[in-house]
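Q: Can you keep this structure in mind? I'll have questions shortly.
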Amino acid sequence: MQYFELPGVDTPVSRVVQGAISLFALDEETRLEMLDAALEGGITAFDTAVNYAFGDMSVDAMLGRWISHRGGHEDVVVIAKGCHPDVSDWGSRVNPDATVEDIDKSRQQIGIDRIDLWMFHRDDPAVEIGILVEEVNSAIDRGHIGAWGVSNWATARIEAALDYAAAHDLRGPVANSAHYSLADQLDDPWPDVVTLTGADREADRQWHRQRDVAVVAWSSLAGGFLSERISRAELESAEGFIADTARCYFNDDNWARRERAAEVGRRLGLSLSQVALAWALHADFNPLVIVANATVEEVEENIVAEGTVLADADLDYIFSG
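The numbers in the working numbering rise by one with no breaks, and the one at position 27 of the sequence shown is 27.
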């Protein structure tokens, strides 16, 4: 497993990050077993968000029970997010008060004093950048977070945050979470999200090559599109949860690319999803990649994928259409 050293984060951050959403489908015993296997396999980073909650279930609390079960926070990197819009009216919550509220709520639910890396889950460009940078730096000074980053922010806003931090001797964002996969994103899966995939995002990828801001890539399997579990017939009928996957990722170009990636996988003894993860990790801006492991077997498969380096000929073939 390869690791990143992020300023303000004491523990090396694994390039594979355990995702959150799959945890809802597991019973407590299976969840603890899978999270133990992830850490034992070298995955040190675990993703959550204060709004990943349904009824009395929250990912923050699930991670907290696991951390308590294993006896502490040591060797675990918690990546938490907050200030997500109010889903009832998509009203902005990107402000200092919501920052404090969500950091404190996640700390309480997880049962830890300090979140290793905390991110703004969305942006509101109408909010002056300085008050946001000041507030997260205050949280760092209080010992409530180790470092901060952003999710679904335009690179121009990240640049503004870096400039403000440098001008005021403050700590700037160390990470940016955005979509990245070998399937181009055709439509937004949710409002106000950002992708780094596709020819028209080359300038954003180049920006990351030149900055010390790590990418934390979400949906590297393109909502399940890059998995053998979903067939073309299901995508064409586009019913149920698959409808969103079809809307966002299914067209002839992406399907042909998917088939070529699957062919490469068969030749290498890998699944399509393993090839998709290896491809995302192969990017020259060295992203961390979130994966939604749900079983010990998936943990093991994705650790193999992390150690796979695709040949240039295979990379060229996947994108030869």
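For every residue, glycine included, the Cβ atom is placed at its ideal position computed from N, Cα and C.
Fair warning: this is a prediction, and the values are worked out from it, not measured in the lab.
Would you identify the three-state DSSP class for M57, choosing helix, strand or coil?
A: Strand, per DSSP.
Q: Excluding the five sequence neighbours on either side, which residues of its own chain have a C-beta within less than 7 Å of the C-beta of A214, listed in chain order?
A: Excluding residues within five positions, the ones whose Cβ falls inside 7 Å are F4, L6, V174, A175, L288.
Q: Using the C-alpha atoms, what's the distance from M119 back to H144?
A: If you take the alpha carbons of H144 and M119, they lie about 13 Å apart.
Q: Taking its Cβ as the centre, do 16 or more other Cβ atoms sit within 10 Å of G19, making it buried, or is it exposed?
A: Buried.
Q: Compute the distance between the beta-carbons of L315 and A276, then report whether it is under 9 Å.
A: No, these two residues do not count as a Cβ contact at 9 Å.
Q: Please classify F46 as buried or exposed, where buried requires at least 16 other C-beta atoms within 10 Å of its C-beta.
A: The residue in question, F46, is buried, as its Cβ has 16 or more Cβ neighbours within 10 Å.
Q: Do you know how far the Cα of S58 is from the Cα of C83?
A: In a straight line, the C-alpha of C83 is about 16 Å away from that of S58.
Q: Which same chain residues end up closer than 6 Å to L221 when comparing Cβ atoms and leaving out the 5 residues on each side of it in sequence?
A: S227, S273, A276, listed in sequence order.
Q: In three-state DSSP terms, what is S14?
A: In the structure shown, S14 sits in a strand (DSSP, three-state: E or B).
Q: Could you tell me the distance, in whole angstroms, from the CA atom of V77 to the CA atom of P12?
A: Their Cα atoms are separated by approximately 8 Å.
Q: Report yes or no: do the segment 202-209 and the segment 243-263 share at least 3 C-beta pairs separated by less than 8 Å?
A: In short, these stretches do not touch, since the Cβ pair count stays below three.
Q: Considering A126, what are the terminal residues of the alpha helix (DSSP H) in which it resides?
A: A126 -> no alpha helix (DSSP H), and no H or E assigned at all.
Q: With DSSP collapsed to three states, give me the class of N95.
A: In this structure, N95 counts as coil in the three-state DSSP scheme.
Q: If you count every other CB in all the chains shown that lies within 10 Å of the CB of N251, and 16 or more means buried, which is it?
A: Classification for N251: exposed.
Q: Taking the alpha helix (DSSP H) that G265 falls in, what are its first and last residues?
A: Run containing G265: 252-268, per the alpha helix (DSSP H) assignment.
Q: Would you mind sorting R142 into buried or exposed? The rule is 16 or more other CB atoms within 10 Å of its CB.
A: R142 is exposed by the Cβ-count criterion.
Q: Secondary structure at V78, three-state DSSP: helix, strand or coil?
A: Here V78 sits in strand by DSSP.
Q: On the premise that I110 lies in contact with I67, defined as a C-beta separation below 8 Å, what is that separation, rounded to the nearest angstrom?
A: Correct: roughly 7 Å between the Cβ atoms.
Q: Taking the beta strand (DSSP E) that A178 falls in, what are its first and last residues?
A: Here the beta strand (DSSP E) through A178 covers 175-179.
Q: With C-beta atoms as the reference, is V136 less than 9 Å away from S177?
A: Not closer than 9 Å, so no.
Q: Can you tell me whether A126 is buried or exposed? The criterion is at least 16 other CB atoms within 10 Å of its CB, across all chains shown.
A: Its Cβ having fewer than 16 others within 10 Å, A126 is exposed.
Q: Take every Cβ of the segment 189-200, pair it with every Cβ of the segment 148-162, and state whether three or more of those distances are shorter than 8 Å.
A: Touching, per the Cβ criterion.
Q: Could you check the C-alpha separation between M62 and F241 for me, to the nearest Å?
A: If I take the Cα positions, the gap works out to 24 Å.
Q: In the DSSP assignment, find the unbroken alpha helix (DSSP H) run with A156 in it and report its ends.
A: Looking at the DSSP string, the run of the alpha helix (DSSP H) that includes A156 is 155-167.
Q: Can V296 and M1 be called in contact, C-beta distance under 9 Å?
A: For V296 and M1, no; Cβs fall outside 9 Å.
Q: For D212, tell me which candidate among A294, D163, E28 has the shortest Cα-Cα distance.
A: Closest option to D212, Cα to Cα, is D163.
Q: With the cut-off set at 9 Å, would you say W279 and I318 are in Cβ contact?
A: In this structure, I318 lies closer than 9 Å to W279 by Cβ.
Q: Tell me the rounded alpha-carbon separation between I43 and N254.
A: Cα to Cα, I43 sits roughly 29 Å from N254.
Q: Beta-carbon separation of I303 and G41 under 9 Å?
A: Their beta carbons are under 9 Å apart, which means I303 touches G41 by this criterion.
Q: With distances taken Cα to Cα, identify the nearest neighbour of R247 among R65, R107, D188, N293.
A: Looking at the Cα atoms, D188 is the closest of the given residues.
Q: Compute the Euclidean distance between the alpha carbons of R107 and D113, then round it to the nearest angstrom.
A: Roughly 6 Å separates the two Cα atoms.
Q: Can you list, in chain order, the stretches of the alpha helix (DSSP H) that have 4 or more residues and sit fully within the segment 264-319?
A: Segments of the alpha helix (DSSP H) lying fully in the segment 264-319: 272-281, 296-306, 312-318.
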